[in-house]
Amino acid sequence: MGGLSRQLWLRLVGLLPGEVNHSEARWLLSPYGHMPLMNGRRARIIVNRVRLVACLFAILTPLWIVVDLLVLPLALSWQLAVARLLASLAFMALHRHYRAGSTLLQAWGGMACLFAIPSVFYVVSHLLLLNHHLQGISAAIGTGYAFLPFVLLAGLAIFPLTLAECIGFALPALAAHILGGMLEWTSVDWPSFWGSFWLQVLIAGVAALACISQLAFMIALVQQAVRDPLTGAFSRRSGEEVLELQATLAMRCQSPLSVAFIDIDHFKSINDRFGHHAGDCALQTLAELVVEQLRKGDVLVRWGGEEFLLLLPNTTASQAVHALGRLRQGGLGLRPDGEPLTASIGVAEWQEDGVNDWRQLLELADSRMYQAKQNGRNRLVTRNMEQHCWLVSSPAPAVA
């Protein structure tokens, strides 16, 4: 059964050609396992749309008060007017004061508030309408309140969500519909009630498909935007975002974070003597060799030209030196003339260097990389240069 479900899911994913591949299909099911960069960008989109919808509802919700006052009994219309004004104030507060960060947990909180306000309004309005026996046009207007859960479920479609998230946010709206039926147990038309419920489930399914399609398209765009097309490493802009996220986590959890600035030695001579294609091949080979040695969570960034940035979360400076030494011993590839490719490396660590933000950490690693170049290249320099200056041995003499 599990294999059949997996095959069906992969067939559905196959209907999104060029957007996600089979290895990324699981990202459409659950929010867990996504790249931190992806989570941050998706969270910002969700928060922005929550605030946009809250603003729209804050304006539109009280406008219907005029219709209620003209059509419904006076006492009922005023009760509904108070409920509408309170809902509008809640929407306005959500729009004005919801300034969440870029975490999914905060984005989910905003969505929960956005969907909770109309759900509560639906239950309250339903209770108020039960106390009145409406007829004619008043009954038609009163019946319109029963369509609020449909609007809620359709509204899911504007958010880039996984299947699990869609189910999580659709269930309260479906539960509100069932609660409304339970409140009028003795008088409800059950065939009509369950028909309406089934229609809501269908709307939720279509909305979920729209959410997942948005997410698939977003994944494809992010994958293209965050990767350097030549080496497959993260691009500089996305690398800055990842470094900022990792620095925030390191500061919050008081955990180590090491950064290694890697600059290929004498790279210009490769382009000058053998052409830019040979230089590109050298960059691709180095990136492939480094990525093969990375742990889960480590990130390689193409910083520019022949410069790379290696982010090592939960890694002290000494552990970073050991890992880089092992990487260098395995080789960084060969130059077109057959000589080993070497690099100058500067390492900085969040706690040991006592930096205040990720930019300072980056500047320290960059300056130490230049110190390694000035001291003869093919070196690794850490915090205390006199005690921790490392000459990384190479399998063959470095090219001068």
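Residue 83 in numbering that gives the first Met the number 0 sits at position 84 of the sequence shown, and the numbers go up by one each step. Each residue gets a CB set at the ideal place from its N, CA and C atoms; glycine is no exception.
Endpoints, alpha helix (DSSP H) assigned at Ala86: As a working note, residue 86 is residue 87 in the sequence shown. Per DSSP, Ala86 belongs to the alpha helix (DSSP H) from 73–96.
Residue interval of the alpha helix (DSSP H) (run including Ser29): What you label residue 29 is simply residue 30 of the sequence shown in a count that begins at 1. Per DSSP, Ser29 belongs to no alpha helix (DSSP H) and is neither H nor E.
Top-ranked residue by Cα proximity to Leu178, from His125, Ala246, Ala203: Reading the sequence shown from its first residue, position 179 is the one you call residue 178. Among His125, Ala246, Ala203, the Cα nearest to that of Leu178 belongs to His125.
Runs of beta strand (DSSP E) wholly within the segment 38–67 (minimum 3 residues, chain order): Scanning the segment 38–67 for uninterrupted beta strand (DSSP E) segments of 3 residues or longer gives nothing; none is fully contained.
Which residues DSSP lists as bridging Ser191, in chain order: Here residue 191 corresponds to residue number 192 of the sequence shown, with the count starting at 1. For Ser191, DSSP records no beta bridge to any residue.
Expected contact under 8 Å - CB spacing of Leu360 and Ala232 to nearest Å: Residue mapping note: residue 360 aligns to position 361 of the sequence shown, counting from 1. Residue mapping note: residue 232 aligns to position 233 of the sequence shown, counting from 1. Their Cβ separation, rounded to whole angstroms, is 19 Å, which puts Leu360 and Ala232 out of contact at 8 Å.
Close-in-space but distant-in-sequence residues of the same chain around Gln350 (CB under 6 Å, 5 per side omitted): Here residue 350 corresponds to residue number 351 of the sequence shown, with the count starting at 1. The beta carbon of Gln350 sits closer than 6 Å to the beta carbons of Pro255 from its chain, once the five residues preceding and following it are set aside; these are given in chain order.
For Glu305, three-class secondary structure by DSSP: Locating residue 305 in the sequence shown gives position 306, counting from the first residue. Look at Glu305 here: in three-state DSSP terms it is coil, with no helix or strand label.
Under 8 Å between C-beta atoms of Leu160 and Gln199: Numbered from its first residue, the sequence shown carries residue 160 at position 161. Numbered from its first residue, the sequence shown carries residue 199 at position 200. Not in contact: Leu160 and Gln199 (Cβ atoms no closer than 8 Å).
Any 3 or more C-beta pairs closer than 8 Å across the segment 146–163 and the segment 206–221: Three or more Cβ pairs closer than 8 Å define a contact, and the segment 146–163 meets that threshold against the segment 206–221.
Residue from Leu103, Glu362, Leu127 whose Cα sits closest to the Cα of Arg43: Taking the first residue of the sequence shown as position 1, residue 43 is located at position 44. Of the candidates Leu103, Glu362, Leu127, the one whose C-alpha sits nearest the C-alpha of Arg43 is Leu103.
3 or more residues per run - each beta strand (DSSP E) lying fully within the segment 325–349: As far as the segment 325–349 is concerned, its whole beta strand (DSSP E) runs of at least 3 residues are 342–348.
Residue closest to Gln373, alpha-carbon to alpha-carbon, out of Gly345, Arg358, His94: Here residue 373 refers to the residue found at position 374 of the sequence shown. Gly345 is the residue among Gly345, Arg358, His94 whose C-alpha sits nearest the C-alpha of Gln373.
Beta carbon of Val221 nearer than 8 Å to that of Met37: Here residue 221 corresponds to residue number 222 of the sequence shown, with the count starting at 1. Here residue 37 corresponds to residue number 38 of the sequence shown, with the count starting at 1. The Cβ-Cβ distance between Val221 and Met37 falls below 8 Å.
C-alpha gap between Pro30 and Ala163, whole angstroms: Your numbering for residue 30 matches position 31 in the sequence shown. Your numbering for residue 163 matches position 164 in the sequence shown. For Pro30 and Ala163, the gap between their C-alpha atoms comes out near 8 Å.
Which listed residue (Trp63, Ala89, Asn313) has its alpha carbon closest to that of Ala80: Residue numbering aside, residue 80 sits at position 81 when the sequence shown is read from its first letter. Of the candidates Trp63, Ala89, Asn313, the one whose C-alpha sits nearest the C-alpha of Ala80 is Trp63.
As assigned by DSSP and simplified to three states, the class of Pro411: No answer is possible for residue 411: the residues shown for the chain start at 0 and end at 399.
Alpha-carbon spacing of Asp297 relative to Ala115, whole angstroms: Along the sequence shown, read from residue 1 onward, the residue named residue 297 stands at position 298. Along the sequence shown, read from residue 1 onward, the residue named residue 115 stands at position 116. One Cα belongs to Asp297, the other to Ala115, and the distance between them is close to 39 Å.
Beta-carbon proximity list for Arg376, same chain, < 7 Å, skipping 5 on both sides: Along the sequence shown, read from residue 1 onward, the residue named residue 376 stands at position 377. Excluding the 5 residues flanking it on each side, Arg376 has same chain C-beta neighbours closer than 7 Å at Asp264, Thr341, Ser343, Ala397, in chain order.
Beta-carbon proximity list for Ala169, same chain, < 8 Å, skipping 5 on both sides: Taking the sequence shown and counting its residues from 1, the one referred to as residue 169 is at position 170. Within the same chain, and ignoring the five residues on either side of Ala169 in sequence, the residues whose Cβ sits closer than 8 Å to its Cβ are Leu152, Leu155, Ala203, Ala206, Ala207.
Three-state class that DSSP yields for Asp227 in the structure shown: Mapped onto the sequence shown, residue 227 falls at position 228. Asp227 sits in coil when the DSSP states are folded into three classes, being neither helix nor strand.
C-beta contact flag for Glu306 and Ile269 at 8 Å: Residue numbering aside, residue 306 sits at position 307 when the sequence shown is read from its first letter. Residue numbering aside, residue 269 sits at position 270 when the sequence shown is read from its first letter. It is not a contact, given that the beta carbons lie outside the stated cut-off.
Residue range of the beta strand (DSSP E) that includes Ala259: For the purposes of this step, residue 259 is taken as the residue at position 260 of the sequence shown. Note, Ala259: beta strand (DSSP E), 256–263.
Limits of the unbroken beta strand (DSSP E) element including Val380: As a working mapping, residue 380 is identified with position 381 in the sequence shown. Looking at the DSSP string, the run of the beta strand (DSSP E) that includes Val380 is 378–380.
N- and C-terminal bounds of the alpha helix (DSSP H) containing Gly109: Counting from one through the sequence shown, the residue named residue 109 turns up at place 110. Taken as a continuous stretch (DSSP letters only), the alpha helix (DSSP H) holding Gly109 covers 103–129.
Any 3 or more C-beta pairs closer than 8 Å across the segment 138–150 and the segment 82–99: No, the segment 138–150 does not touch the segment 82–99.
Per DSSP, the bridge partner or partners of Val300: Against the sequence shown, residue 300 aligns to sequence position 301. Bridge pairing for Val300: Phe233, Leu308 [DSSP].
Residue from Leu85, Gly39, Gly135 with nearest C-alpha to Pro61: Translated into the one-based positions of the sequence shown, residue 61 becomes position 62. Ranking Leu85, Gly39, Gly135 by Cα distance to Pro61 puts Leu85 first.
CA nearest to the CA of Trp357, picked from Leu282, Ala259, Ile166, Leu326: Residue mapping note: residue 357 aligns to position 358 of the sequence shown, counting from 1. Ranked by Cα distance from Trp357, the options Leu282, Ala259, Ile166, Leu326 are led by Ala259.
Stretch pair the segment 128–135 + the segment 70–78: three plus CB contacts closer than 8 Å: The answer is yes - the segment 70–78 touches the segment 128–135, with three or more Cβ pairs under 8 Å.
Opening and closing residue of the alpha helix (DSSP H) in which Glu291 lies: The residue you call residue 291 lines up with position 292 of the sequence shown. Segment 275–292, the alpha helix (DSSP H) holding Glu291.
Residue environment, His321, which counts as buried when at least 16 other CB atoms sit within 10 Å: On the sequence shown, position 322 is the one that residue 321 refers to. Under this definition His321 is an exposed residue.
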